[in-house]
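K.L.:
Numbering (the numbering used here), first residue to last: 1 to 189.
For each residue, glycine too, the CB sits at the ideal point set by N, CA and C.
If you scroll down you'll find the structure; I have some questions about it.
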Amino acid sequence: MEGSEAMRQFEVKEPGSHFDHLIRQTRLHHQQISMMIDTKANMLITISSLIITLSAPLLLKPELEMIAISLIISGVFTVLFAVYAVMPKKFGKTTTRLSHEVPFDAMRSLFFGNFINIPYEEFERAWEGVLKDHALAYRVQVREIYDLGQYLAKEKLRYVRLAYLSFLCGILSAVASVVYLFLIPALTI
1 MEGSEAMRQF EVKEPGSHFD HLIRQTRLHH QQISMMIDTK ANMLITISSL
51 IITLSAPLLL KPELEMIAIS LIISGVFTVL FAVYAVMPKK FGKTTTRLSH
101 EVPFDAMRSL FFGNFINIPY EEFERAWEGV LKDHALAYRV QVREIYDLGQ
151 YLAKEKLRYV RLAYLSFLCG ILSAVASVVY LFLIPALTI
């Protein structure tokens with residue numbers, strides 16, 4: 001966050017269980033989406049690996065070579081994108097400081113990748129400040145939900161989508177090859 005926006009007052013007049021429930025449900029929803037993305041990526045890895053394995057022997061048959069090549073190439077790209085989607089990313093970007101009272105950006109203190117490069121004492125002091133102020137506690141949780149959503153969209157979902165597109169392109173090109181090589185010649189006879 002930049003300058004005045006970072007210091008903008010986040011107002012919570014009175015803490016309540018409805019706020020806690022909303023935050024908890026939103027966080028659980030993000031976790032479920034993350035697990036769903038991981039499951040889809042793992043399915044794509046498995047299916048594409050099988051397709052690559054089953055297509056490799058087809059390279060020895062000249063009439064099926066084009067089909068095998070399209071399936072293998074798309075399978076390799078699908079596996080690469082899906083693996084990258086579920087692969088742990090490098091964390092530890094430099095945290096920014098809100099002010100001299102708050103040792104590091106308490107706003108990003110819940111998302112684990114944001115606090116791995118600071119000493120525990122500094123982390124503890126920041127949390128002490130968060131726990132003293134209920135509005136700041138809610139604000140930190142809202143920021144964590146935002147950061148998690150950004151991570152899911154930019155780091156996971158994006159690559160699973162590319163894996164699906166690669167998989168779809170491979171299947172469509174294989175079907176087009178079958179039509180071109182076998183169906184069209186059979187209809188013209």
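Starting from residue 171 and walking both ways along the alpha helix (DSSP H), at which residues does that stretch end?
P.N.:
For the purposes of this step, residue 171 is identified with residue 171 of the sequence shown, where counting begins at 1. That run of the alpha helix (DSSP H) goes 158-178.
K.L.:
Is the distance from the Cβ of residue 67 to the Cβ of residue 174 below 7 Å?
P.N.:
Numbered from 1 along the sequence shown, position 67 holds the residue referred to as residue 67. Numbered from 1 along the sequence shown, position 174 holds the residue referred to as residue 174. It is a contact, given that the beta carbons lie within the stated cut-off.
K.L.:
Evaluate residue 144 with the Cβ neighbour count: other Cβ atoms within 10 Å of its Cβ, from every protein chain shown; 16 or more gives buried, anything less gives exposed.
P.N.:
In the sequence shown, residue 144 corresponds to position 144, counting from 1. Buried: at least 16 other Cβ atoms inside 10 Å.
K.L.:
Between residue 171 and residue 122, what straight-line distance do the alpha-carbon atoms span, to the nearest angstrom?
P.N.:
Indexing the sequence shown from 1 puts residue 171 at position 171. Indexing the sequence shown from 1 puts residue 122 at position 122. Spanning the two alpha carbons is a distance of roughly 53 Å.
K.L.:
Alpha helix (DSSP H) containing residue 16: first to last residue?
P.N.:
Residue 16 sits at position 16 when you count from the first residue of the sequence shown. Here residue 16 belongs to no alpha helix (DSSP H), and DSSP marks it neither H nor E.
K.L.:
Could you say which of 29, 119 and 41 lies nearest to residue 159 if we only look at CA atoms?
P.N.:
In the sequence shown, the residue the question calls residue 159 occupies position 159. The shortest Cα separation from residue 159 among 29, 119 and 41 belongs to 41.
K.L.:
What separation, rounded to the nearest whole angstrom, lies between the Cα atoms of residue 28 and residue 69?
P.N.:
Locating residue 28 in the sequence shown gives position 28, where the first residue counts as 1. Locating residue 69 in the sequence shown gives position 69, where the first residue counts as 1. Cα-Cα distance, rounded: 42 Å.
K.L.:
Give a yes or no on contact between the region 152-169 and the region 74-82, applying the rule of three or more CB pairs nearer than 8 Å.
P.N.:
Taking 8 Å as the limit for Cβ pairs, the verdict is that the region 74-82 does touch the region 152-169.
K.L.:
Sort 180, 146, 181 and 37 by Cα distance to residue 23 and report the nearest one.
P.N.:
Within the sequence shown, the letter at position 23 stands for residue 23. Looking at the Cα atoms, 146 is the closest of the given residues.
K.L.:
Near residue 161, what residues of its chain come up, given a Cβ to Cβ distance below 8 Å and the 5 sequence neighbours on each side ignored?
P.N.:
For the purposes of this step, residue 161 is taken as residue 161 along the sequence shown, with counting starting at 1. Closer than 8 Å at Cβ, skipping near neighbours: no residue.
K.L.:
Check whether the Cβ of residue 88 sits closer than 6 Å to any heavy atom of the ligand FMN, and report yes or no.
P.N.:
Because no ligand of any kind appears in the structure shown, any question about the ligand FMN cannot be addressed here.
K.L.:
Quick check on residue 191: buried or exposed, where buried means 16 or more other Cβ atoms within 10 Å of its Cβ?
P.N.:
Shown here, the chain extends from 1 to 189; a query on residue 191 therefore has no answer.
K.L.:
Quick one: residues in its chain with C-beta nearer than 8 Å to the C-beta of residue 138, no 5 flanking neighbours on either side, listed in chain order?
P.N.:
Reading the sequence shown from its first residue, position 138 is the one you call residue 138. So the list reads 10, 12, 15, 19 and 23, once near-sequence residues are dropped.
K.L.:
In or out: residue 55 buried (at least 16 other Cβ within 10 Å) or exposed?
P.N.:
The residue given as residue 55 occupies position 55 in the sequence shown. Residue 55 comes out buried.
K.L.:
Residue 62 by DSSP, collapsed to three states: which one?
P.N.:
By one-based count along the sequence shown, residue 62 stands at place 62. Here residue 62 sits in helix by DSSP.
K.L.:
Specify the secondary structure class of residue 89 as computed by DSSP and reduced to three states.
P.N.:
Here residue 89 refers to the residue found at position 89 when the sequence shown is read from its first residue. Residue 89 falls in the coil class under three-state DSSP.
K.L.:
Taking the straight line between their C-alpha atoms, what separation do you get for residue 132 and residue 26?
P.N.:
Taking the sequence shown and counting its residues from 1, one reaches residue 132 at position 132. Taking the sequence shown and counting its residues from 1, one reaches residue 26 at position 26. Each residue's alpha carbon lies about 24 Å from the other.
K.L.:
Would DSSP call residue 115 helix, strand or coil?
P.N.:
The sequence position of residue 115 within the sequence shown is 115, counting from 1. Residue state, collapsed to three classes: coil.
K.L.:
Take residue 53 as the anchor and find which of 37, 71, 64 and 88 has the nearest alpha-carbon.
P.N.:
Within the sequence shown, residue 53 is the residue found at index 53, counting from 1. Taking only the C-alpha atoms, the option nearest residue 53 is 71.
K.L.:
Can you give the Cα-Cα distance for residue 65 and residue 79, rounded to whole angstroms?
P.N.:
On the sequence shown, residue 65 is found 65 positions in, with the first residue counted as 1. On the sequence shown, residue 79 is found 79 positions in, with the first residue counted as 1. C-alpha separation (whole angstroms): 21 Å.
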